[in-house]
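Here is the structure we will look at.
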Amino acid sequence: MEIQSPAREAWAIYGSVGLTVITVPKYLAAVDIVEGDGGEGTIAKLTLLSGSSYYEKFTKVDDKHMVKETEITEGAFLDLGITLYRLRVENIPTGSHSCITRTTIEWEVKEEYVANSTRVSILPSINIAKDIEAYLLANEKKHIDSK
Numbered sequence: 732m733e734i735q736s737p738a739r740e741a742w743a744i745y746g747s748v749g750l751t752v753i754t755v756p757k758y759l760a761a762v763d764i765v766e767g768d769g770g771e772g773t774i775a776k777l778t779l780l781s782g783s784s785y786y787e788k789f790t791k792v793d794d795k796h797m798v799k800e801t802e803i804t805e806g807a808f809l810d811l812g813i814t815l816y817r818l819r820v821e822n823i824p825t826g827s828h829s830c831i832t833r834t835t836i837e838w839e840v841k842e843e844y845v846a847n848s849t850r851v852s853i854l855p856s857i858n859i860a861k862d863i864e865a866y867l868l869a870n871e872k873k874h875i876d877s878k
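The sequence shown runs contiguously to residue 878 in my numbering.
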């Protein structure tokens, strides 16, 4: 998805725990950092609005190439027979004021639970990308208006 904001500004949100500021009120009840500081190895507990929760681990945070990978380590899809759920986000510069946010989901599922694979969707990532773009554009406008 193309974002109308510089890649580094989008990455400042995606590449950190700052993403929670935008996503928590709309999609999650809470995000608690269990271990780490937002870099590789960080473990976060995400509590959904429904009250259920899951844990994810930041397995890759590459600031130079603007790539972040997380894996669910407990709960969520793992409770449905999915043995691996990995989310990869890349911010790719396309100009001085735009970038592509590419999200890839990789999953593995036990054969007897293949029907549960239909629950895996890129839609939440698309919605989050739209929210990040709106946030960045609104804050850019505030910055311009304050000059």
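Even for Gly, the Cβ is constructed at its ideal location relative to N, Cα and C.
Below 8 Å on the Cβ atoms is my guess for Ile764 versus Thr773; work out the distance and round it to an integer in Å. 6 Å
Does the distance from the C-beta atom of Ala837 to that of Arg817 stay below 7 Å? In the sequence as presented, Ala is not what sits at residue 837; that position holds Glu. Contact: yes.
Residue range of the beta strand (DSSP E) that Glu787 falls in? Ser784 to Asp793
Same chain, Cβ closer than 7 Å to Ala882, five either side skipped, listed in chain order: Residue 882 falls outside the range modelled here, since the chain spans only 732 to 878, and no answer is possible.
Closer than 8 Å by C-beta to Glu771: which residues in its own chain qualify, once you throw out the five before and the five after it? Chain order, please. Phe789, Thr790, Lys791 and Val792
Looking only at its own chain, which residues have a Cβ that is under 7 Å from the Cβ of Ile857, when we skip the five neighbours before and after it? Met732
Nearest to Lys799 (by Cα), restricted to the options Leu809, Ile734 and Val820: Val820
Evaluate Ile853 with the Cβ neighbour count: other Cβ atoms within 10 Å of its Cβ, from every protein chain shown; 16 or more gives buried, anything less gives exposed. exposed
Can you have a look at Leu867 and say buried or exposed, based on whether 16 or more other CB atoms are within 10 angstroms of its CB? buried
Span separating the alpha-carbon of Ser781 from that of Ser736: 32 Å
DSSP state of Pro855 mapped onto helix, strand, coil: helix
When you compare each of Ala865, Ala860, Thr814 and Tyr786 to Thr832 by their alpha carbons, which one comes out closest? Ala860
Quick one: residues in its chain with C-beta nearer than 8 Å to the C-beta of His828, no 5 flanking neighbours on either side, listed in chain order? Gln735, Ser736 and Pro737
Determine which residues share a DSSP beta bridge with Gly806 and list them. Tyr785
First through last residue of the alpha helix (DSSP H) which encompasses Tyr844: Where Tyr844 is concerned, there is no enclosing alpha helix (DSSP H), given that its DSSP letter is neither H nor E.
Using C-beta distances below 8 Å, list every residue in its chain close to Gly826, excluding the 5 sequence neighbours before and after it, in chain order. none
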